[in-house]
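For the sequence shown, my numbering gives the first residue as 20, with consecutive numbering after it. We treat Cβ as the ideally placed atom computed from N, Cα and C, and that holds for glycine.
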Amino acid sequence: MKISWLKAIVALPFNAVVTIPLVLVLFFDWPPLPPGIIFLGLALVLLAAGLSLAVWTMFLFASIGKGTLAPWNPTKRLVVEGPYAHVRNPMLAGVLAVILAESILLSSWALFAWFCAFLAINTVYFKLSEEKGLEKRFGMEYVVYKRNVPMWIPRLRAWKKTGGE
């Protein structure tokens, strides 16, 4: 399982937050301009929050879900604890926060465009494919979860699964 987990991290979030941003900056934004002090602070907070969220959610996928973020080794259990009790896609929210932080740190319009494209692509993918697959795998458990937990904008109070919902 550890090799599959590592492959999933390298293949998916690493490419989204390292490989693609590096290519975009090198080919479209060189040399980058340093951000102002307020933007630097915002970027560092986004970076720390995004990395923490991504690592936490990957840990939850492995420990509770008994799988990875990769489609070739999906979770066997629906994860609705931790940040998943507030928003359905916290792992991607973490990746988006990192990409946005990179765009600010490097004053990169190309990376900001990548952030927007990544958000749009994943929103469409989740609506057209991922959610249907989750409904098929987890049935009413996912339908109830989806009805109660928003896709991108977190709920303030954690949702708790109850037998009556």
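- Our two residues, Val-143 and Val-99, have alpha carbons roughly 22 Å apart in a direct line.
- At least 9 Å separates the beta-carbon of Ala-177 from that of Val-114.
- Burial of Leu-72 is indicated by the presence of at least 16 other C-beta atoms within 10 angstroms of its C-beta.
- Counting along the chain, the unbroken alpha helix (DSSP H) around Pro-109 starts and ends at 109-124.
- When C-alpha distances from Thr-76 are compared across Thr-38, Pro-32, Phe-47, the shortest belongs to Pro-32.
- When DSSP states are grouped into helix, strand and coil, Pro-90 belongs to the coil group.
- Contact between Tyr-164 and Leu-79 is absent: CB atoms are separated by about 14 Å, not below the 8 Å threshold.
- Glu-150 sits in a helix when the DSSP states are folded into three classes.
- Taking a C-beta distance under 9 Å as the contact criterion, Val-168 and Ala-104 qualify as a contact pair.
- When secondary structure is reduced to three states using DSSP, Gly-101 falls in the helix class.
- Following the DSSP letters along the chain, one finds Met-170 in no alpha helix (DSSP H), marked with neither H nor E.
- If you check the CB distance, Ala-116 and Ala-68 come in under 9 Å.
- DSSP places Gly-55 in the coil class of the three-state scheme, outside both helix and strand.
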